[in-house]
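K.L.:
Residue numbers (my numbering): 539 to 828.
1) Let me confirm a value: residue 684 is counted as buried when at least 16 other C-beta atoms fall within 10 Å, else exposed. Which label applies?
2) Exposed or buried, what is residue 636 when buried is set at 16 or more other beta-carbons lying within 10 Å of its beta-carbon?
3) Closest by CA to residue 736, which one among 758, 729, 746, 700?
4) Could you give the uninterrupted runs of the beta strand (DSSP E) lying entirely in the stretch 772-822, keeping only those of 3 residues or more?
5) Which first and last residues belong to the beta strand (DSSP E) in which residue 707 is found?
6) Do you know offhand how far residue 789's Cα is from residue 624's?
7) Which partner residues does residue 568 have in the DSSP bridge list?
8) Closest to residue 799 by CA distance: which of 812, 766, 748 is it?
9) Enumerate in chain order the residues of its own chain whose CB-to-CB distance from residue 564 is below 7 Å, with the five nearest sequence positions on each side excluded.
10) Excluding the five sequence neighbours on either side, which residues of its own chain have a C-beta within less than 7 Å of the C-beta of residue 702, listed in chain order?
11) Helix or strand or just coil, what does DSSP make of residue 659?
12) Judging by CA-CA distance, which residue of 781, 762, 797 is the nearest neighbour of residue 769?
13) Quick check on the burial criterion: 16 or more other C-beta atoms within 10 angstroms. Buried or exposed for residue 606?
14) Starting from the C-beta of residue 782, find all residues in its chain whose C-beta is less than 6 Å away, skip the five residues before and the five after it, and write them out in chain order.
15) Would you decide whether residue 657 is buried or exposed? Buried here means 16 or more other CB atoms lie within 10 Å of its CB.
16) Can you give me the C-alpha to C-alpha distance between residue 809 and residue 655, rounded to a whole angstrom?
17) Among 754, 802, 780, which one has its Cα closest to the Cα of residue 520?
18) For residue 600 and residue 821, I'd like the C-alpha separation in whole angstroms.
19) Within the same chain, show all residues whose beta-carbon is closer than 6 Å to that of residue 825, passing over the 5 residues directly before and after it, in chain order.
20) Pull up the distance between the alpha-carbon of residue 741 and that of residue 710, whole angstroms please.
21) Below 8 Å between beta carbons: does that hold for residue 686 and residue 666?
22) Quick check: the Cα distance between residue 723 and residue 593, rounded to an integer number of angstroms?
23) Between the alpha carbons of residue 680 and residue 688, how many angstroms are there, rounded?
24) Run through DSSP, which three-state label would residue 542 get?
25) Whole-angstrom Cβ separation of residue 551 and residue 566, contact assumed at under 8 Å?
26) Enumerate in chain order the residues of its own chain whose CB-to-CB distance from residue 608 is below 8 Å, with the five nearest sequence positions on each side excluded.
27) Roughly how many whole angstroms lie between the Cα atoms of residue 549 and residue 571?
Here's what the structure looks like:
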């Protein structure tokens, strides 16, 4: 073949996702009698692709292909058996639960209940108004009918806080002990990456800087992302769900702090053994447990 009609920037060797015939960006090289298509990004697991050589490809005499030559293949399903979800137990009724307390600023908003195994004094910045029953408090920063609960409140609240705390610990132990489908993926740098369902483990900081992270899968797929270090989002990076994926099925597990810098966004449930910090403009669609 004439390399000039095959190699990039020529457009005679193409790769497409079979569904929708979506182009896959990449570079084509030619050596000897072999043309190689190198995709710009990793191909998606468990996906059908179609490769084709068009009629603009020619031999050294200038003779072009008479018809388009194409063939199909599918990438491997890395995670054929989806991991079961992480049971949140008594903690599942809380949007935010912090064993050592929860701090906020006046412009923040939390939809749903918050709780702590510490005294109410550890819930700072909320301008709490204690209900007449002494069982819970309300706050203008806790919306959607949410309430605040602390260990020194009345009735069954202390027992409920103890149960929720135990459930957070059990969920952390369960999730962090799951067998990994993949370890040390991208050395923890998820910037611009797409992840399918599965259990991922790292011994490095897991982070995204500027570029978004995409979790692509169905409404029943489960993601468990575990690190013995920190989880950080910076530069306005966002976690995006596609394909029907749900935040309730995404679990971010960190042995150290989780930090969402200004204007970042995360989808899913965070369980940190150390602490969780959301900076100005940072948002979460999910739950926060520490």
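Each residue gets a CB set at the ideal place from its N, CA and C atoms; glycine is no exception.
P.N.:
The structure says:
1) Looking up residue 684 in the chain shown gives position 146. Its Cβ being crowded by 16 or more others within 10 Å, residue 684 is buried.
2) Taking the first residue of the chain shown as position 1, residue 636 is located at position 98. Buried, since its Cβ has 16 or more Cβ neighbours within 10 Å.
3) Walking along the chain shown from the start, residue 736 turns up at place 198. Measuring from the Cα of residue 736, the nearest candidate turns out to be 758.
4) 777-780, 788-792, 796-798, 803-810, 814-816
5) Your numbering for residue 707 matches position 169 in the chain shown. Secondary structure note for residue 707: it is in no beta strand (DSSP E), and the uninterrupted alpha helix (DSSP H) holding it is 695-714.
6) Position 251 of the chain shown, counted from the first residue, corresponds to residue 789. Position 86 of the chain shown, counted from the first residue, corresponds to residue 624. Roughly 8 Å between the two C-alpha positions.
7) Counted from its first residue, the chain shown places residue 568 at position 30. Its beta-bridge partners are 573.
8) Here residue 799 corresponds to residue number 261 of the chain shown, with the count starting at 1. Nearest to residue 799 by C-alpha distance, out of 812, 766, 748, is 748.
9) To locate residue 564, count along the chain shown from 1; it is residue 26. Cβ neighbours of residue 564 beyond the five flanking positions: 553, 575, 576, 577, 578.
10) Reading the chain shown from its first residue, position 164 is the one you call residue 702. Same-chain partners within the cutoff: 628, 629, 632, 635, 653.
11) Residue 659 sits at position 121 when you count from the first residue of the chain shown. Note: residue 659 maps to helix in three-state DSSP.
12) Position 231 of the chain shown, counted from the first residue, corresponds to residue 769. The candidate whose alpha carbon is nearest that of residue 769 is 797.
13) Here residue 606 corresponds to residue number 68 of the chain shown, with the count starting at 1. Exposure of residue 606 is indicated by the presence of fewer than 16 other C-beta atoms within 10 angstroms of its C-beta.
14) Sequence index remark: in the chain shown, residue 782 carries index 244 (1-based). Around residue 782: 756, 757.
15) Position 119 of the chain shown, counted from the start, is the residue given in the question as residue 657. Counting Cβ neighbours within 10 Å, residue 657 comes out exposed, since fewer than 16 surround it.
16) If you number the chain shown from 1, residue 809 lands on position 271. If you number the chain shown from 1, residue 655 lands on position 117. Using only the alpha carbons, I get a separation of about 16 Å.
17) The structure shown has nothing for residue 520, since the chain only spans 539 to 828.
18) Position 62 of the chain shown, counted from the first residue, corresponds to residue 600. Position 283 of the chain shown, counted from the first residue, corresponds to residue 821. Between residue 600 and residue 821, the C-alpha separation is close to 58 Å.
19) Indexing the chain shown from 1 puts residue 825 at position 287. Same-chain partners within the cutoff: 633, 807.
20) Your numbering for residue 741 matches position 203 in the chain shown. Your numbering for residue 710 matches position 172 in the chain shown. Roughly 16 Å separates the two Cα atoms.
21) Mapped onto the chain shown, residue 686 falls at position 148. Mapped onto the chain shown, residue 666 falls at position 128. Closer than 8 Å, so yes.
22) Position 185 of the chain shown, counted from the first residue, corresponds to residue 723. Position 55 of the chain shown, counted from the first residue, corresponds to residue 593. Straight-line Cα distance between these residues: approximately 39 Å.
23) As a working note, residue 680 is residue 142 in the chain shown. As a working note, residue 688 is residue 150 in the chain shown. Answer to the nearest angstrom: the Cα atoms are 14 Å apart.
24) Taking the chain shown and counting its residues from 1, one reaches residue 542 at position 4. The three-state secondary structure of residue 542, taken from DSSP, is helix.
25) On the chain shown, position 13 is the one that residue 551 refers to. On the chain shown, position 28 is the one that residue 566 refers to. Rounded, the Cβ-Cβ distance is 5 Å, consistent with contact.
26) The residue given as residue 608 occupies position 70 in the chain shown. Counting only residues of its own chain and dropping the five nearest sequence neighbours on each side, residue 608 has a CB closer than 8 Å to the CB of 588, 589, 590, 591.
27) Against the chain shown, residue 549 aligns to sequence position 11. Against the chain shown, residue 571 aligns to sequence position 33. About 18 Å.
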